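Sequence positions in the sequence shown follow the working numbering and run 8 to 498.
Below is one structure, written out as structure tokens; the observations come after it.
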Amino acid sequence: MNGSSSAPRHLAVFGAGYVGLVSAACLAWLGHEVVCVDSQPRRLRQLRRGRLPFHEPLLGELLQEQLRTGRLRFSSSARAAVNHGDVLFIAVGTPTAADGAAELGQVMQVADDIGRHMPGPRQVVMKSTVPVGTGERVRQRIRERLAQRGACWALAVASNPEFLREGLAVQDFLRPERVVAGSDDARLLELLRELHAPLLSAQRPFLAMDLRSAELCKYAANVMLAARLSLMNELALLAEGLGADIEQVREGLGRDPRIGPLFLRAGCGFGGSCLPKDLRALRHSAAILGHATPMLDAIAASNERMVGLLEARVCEALGEDLRGRCIAVWGLAFKPQTDDVRESPALALVRALSLRGAQVQAYDPMAGAAALEALGELPGFQLAGSALEALQQADALLLVTDWPQFAALPGEALRARLRGALVLDGRNALDGPQLAAAGLQYRGIGRAVAKAVVPPVEAWPQAPAGRPTQEAPACAWPRRSDHAVSARLAG
Ligand SMILES: NC(=O)c1ccc[n+]([C@@H]2O[C@H](COP(=O)([O-])OP(=O)(O)OC[C@H]3O[C@@H](n4cnc5c(N)ncnc54)[C@H](O)[C@@H]3O)[C@@H](O)[C@H]2O)c1
Numbered sequence: 008m009n010g011s012s013s014a015p016r017h018l019a020v021f022g023a024g025y026v027g028l029v030s031a032a033c034l035a036w037l038g039h040e041v042v043c044v045d046s047q048p049r050r051l052r053q054l055r056r057g058r059l060p061f062h063e064p065l066l067g068e069l070l071q072e073q074l075r076t077g078r079l080r081f082s083s084s085a086r087a088a089v090n091h092g093d094v095l096f097i098a099v100g101t102p103t104a105a106d107g108a109a110e111l112g113q114v115m116q117v118a119d120d121i122g123r124h125m126p127g128p129r130q131v132v133m134k135s136t137v138p139v140g141t142g143e144r145v146r147q148r149i150r151e152r153l154a155q156r157g158a159c160w161a162l163a164v165a166s167n168p169e170f171l172r173e174g175l176a177v178q179d180f181l182r183p184e185r186v187v188a189g190s191d192d193a194r195l196l197e198l199l200r201e202l203h204a205p206l207l208s209a210q211r212p213f214l215a216m217d218l219r220s221a222e223l224c225k226y227a228a229n230v231m232l233a234a235r236l237s238l239m240n241e242l243a244l245l246a247e248g249l250g251a252d253i254e255q256v257r258e259g260l261g262r263d264p265r266i267g268p269l270f271l272r273a274g275c276g277f278g279g280s281c282l283p284k285d286l287r288a289l290r291h292s293a294a295i296l297g298h299a300t301p302m303l304d305a306i307a308a309s310n311e312r313m314v315g316l317l318e319a320r321v322c323e324a325l326g327e328d329l330r331g332r333c334i335a336v337w338g339l340a341f342k343p344q345t346d347d348v349r350e351s352p353a354l355a356l357v358r359a360l361s362l363r364g365a366q367v368q369a370y371d372p373m374a375g376a377a378a379l380e381a382l383g384e385l386p387g388f389q390l391a392g393s394a395l396e397a398l399q400q401a402d403a404l405l406l407v408t409d410w411p412q413f414a415a416l417p418g419e420a421l422r423a424r425l426r427g428a429l430v431l432d433g434r435n436a437l438d439g440p441q442l443a444a445a446g447l448q449y450r451g452i453g454r455a456v457a458k459a460v461v462p463p464v465e466a467w468p469q470a471p472a473g474r475p476t477q478e479a480p481a482c483a484w485p486r487r488s489d490h491a492v493s494a495r496l497a498g
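Here's what the structure looks like:
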């Protein structure tokens, strides 16, 4: 089966991670001959046997199907890939360097490989998220390597940033909201439009632009999403103080067409391999330019604060010294439907609890092995075999990743296994009233459980009669003195 693209082409994809593997398999599905190259021999062995190196819905079936057609092949040889592909996609990692910049070692390694092996004209397409200007650097680097060989082949470079979401990656690739492509080479842009043609429609447009704008577009999208989340988190904490419920506020906000309903869920911080990293990289680019970025800086600071929220709330309830305490943690992946634990708030929480001496019993339907590998030998940390097993004799339950199966468990089952009664829901995923009815002490984020700390309107000072009020009465948000957590968060 394939997606019937018009002209089958020879393509190569560098990197068999989330973006590279999904791109390679989907491009093969569209009818192209694809060689996917990766630097990890173990990963390649797995892939050739039709086994995924990570969890991603639909990708396993697609991989096996496209291996059978022979249109998708895997190689460890950059030379073989560059020989095969007229169009070379770069989809390797761009992790954070020590100074916050995007670390471009993997990208430049691929550029070197391309320059060393190019047997004729080639078109290079960047799918990795890279700082503005990287496309030009890659072109320069390839030309330098060509020059070292005395070669001078035509070379076109484009940015075609990827917007897929882990857990929905295949669907996102094959049904993109838009395809962004940037280049100063009109023929390469036309070729990219043609490659994506079966996926495009009036509602799913191809947006051709210049190279730098396409590069920035990806960062702009990610920091916009991060900003929405951080603003909702801040509103959620405010809602707690004011005695309002952020879930009801979310409903009221999301139905405004200027705002829209997505990415409005308050929670205990965002993580993953993209949002925090791309936020840091964009701030770093701005710093090099000497541009102030107060908004971006605030998003980062706000998210760090949120990632520490559940730890602060555990300490508020159980004390700062957690030796002898057992804490159940539900969810280790940075979000549901993936086993990716990169920058997962759950891992930060587990480390923090372990440092305080707690025993941590964690369960994740998919990410247990990845978490064990990432956490290494962590005192007091153990994986449970099920969500309910994680609760055995625990003093508190902390939900960090909102896998839907957690919400399906009845409050009585939780109550029967927990030693304590505290349930901290870091994603507002559980049924608070049902848990409370089962005798548990439920606390979400931004839910109307806390007593309002701002006096009701009738108690506010009245403006003197006859004089119009110039400004609203000054309202200093009182800090709850009994709340260690407020003090910690404010600090
Ligand atoms: N993961 C996502 O949801 C997502 C979404 C959009 C964009 N992105 C961006 O796409 C890029 C890739 O992300 P990812 O999550 O797929 O990364 P990843 O770490 O999962 O995969 C990168 C792959 O590249 C391979 N690799 C490294 N150097 C190589 C080389 N020289 N030659 C061949 N292969 C090499 C690695 O072995 C690895 O398999 C990043 O820039 C990321 O920011 C990621």
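Where is the CB? At the ideal position from N, CA and C, for every residue including glycine.
Just so it is clear, the structure is predicted and the values come from calculations on it, not from any experiment.
- Judged by DSSP secondary structure, Cys224 falls within the alpha helix (DSSP H) whose first and last residues are Leu218 to Leu249.
- According to DSSP, Leu339 shares a beta bridge with no other residue.
- The DSSP assignment places 141–155 as complete runs of the alpha helix (DSSP H) inside the region 140–170, in order along the chain (cut-off: 4 residues).
- For Thr76, the distance from the CB to the nearest heavy atom of ligand 1 is not below 6 Å.
- The beta carbon of Arg200 sits closer than 6 Å to those of Phe213, all from its chain and outside the five residues before and after it, given in chain order.
- Nearest in C-alpha terms to Leu54, of all of Leu37, Arg424 and Val29, is Val29.
- If you look at Phe388, you'll find it in the beta strand (DSSP E) that goes Phe388 to Leu390.
- For Met133, the three-state secondary structure derived from DSSP is strand.
- Under DSSP, Cys43 forms a beta bridge with Val20 and Phe81.
- Taking 7 Å as the cut-off, the beta carbon of Ala273 is found closer than this to the beta carbon of Ala243.
- Here Arg363 is not bridged, per DSSP, to any residue.
- In terms of side-chain proximity, the C-beta atom of Asp45 is found nearer than 6 Å to a non-hydrogen atom of ligand 1.
- Cα atoms of Arg129 and Arg150: separation of roughly 12 Å, rounded to the nearest angstrom.
- Nearest to Leu362 by C-alpha distance, out of Gly387, Pro343 and Ser351, is Gly387.
- Between Arg75 and Met373, the alpha-carbon positions lie close to 27 Å from each other.
- Each residue's CA atom was taken as its position, placing Ala436 and Leu18 some 43 Å apart.
- For the region 352–432, the full-length alpha helix (DSSP H) segments reaching 4 residues or more read 352–362, 375–382, 411–414 and 418–424 along the chain.
- In this structure, the C-beta of Ser292 stays at least 6 Å away from each heavy atom of ligand 1.
- Within 10 angstroms of the beta-carbon of His298 lie fewer than 16 other beta-carbons, which makes it exposed.
- With a threshold of 6 Å, the Cβ atom of Ala288 does not count as near ligand 1, since no heavy atom of the ligand is closer than that.
- The three-state reading of DSSP puts Ala444 in helix, counting H, G and I together.
- The beta carbon of Gly279 lies closer than 8 Å to those of Glu173, Phe341, Lys342, Asp347, Arg349, Glu350 and Ser351 in the same chain, with the five residues before and after it left out.
- Every alpha helix (DSSP H) stretch that sits fully inside the region 79–127 and reaches 4 residues is listed by chain position as 85–91 and 112–124.
- Nearest in C-alpha terms to Ala376, of all of Ala391, Gln366, Leu34 and Ala365, is Ala391.
- The C-beta distance from Ile334 to Ala401 rounds to 6 Å, short enough to meet the 8 Å contact threshold.
- Taking one beta carbon from each stretch, the region 118–132 and the region 58–70 have fewer than 3 pairs nearer than 8 Å; the two do not touch.
- In the three-state scheme derived from DSSP, where H, G and I count as helix and E and B as strand, Phe277 is classed as coil.
- Under the three-state reduction of DSSP output, Ser309 falls in the helix class.
- With a beta-carbon spacing of about 6 Å, Phe270 and Leu236 fall inside the 8 Å limit used to define contacts.
- Per DSSP, Ser208 lies in no alpha helix (DSSP H) and is assigned neither H nor E.
- Boundaries of the beta strand (DSSP E) around Val187: Val186 to Ser190.
- An exposed status is given to Leu296, since fewer than 16 other beta-carbon atoms sit within 10 Å of its beta-carbon.
- Inter-residue distance for Ser208 and Cys33 is about 18 Å (C-alpha atoms, whole angstroms).
- With a cutoff of 6 Å, Phe21 counts as near ligand 1, since its C-beta is closer than that to a heavy atom of the ligand.
- When secondary structure is reduced to three states using DSSP, Ala215 falls in the strand class.
- Going by DSSP, Gly27 is part of the alpha helix (DSSP H) stretching over Tyr25 to Trp36.
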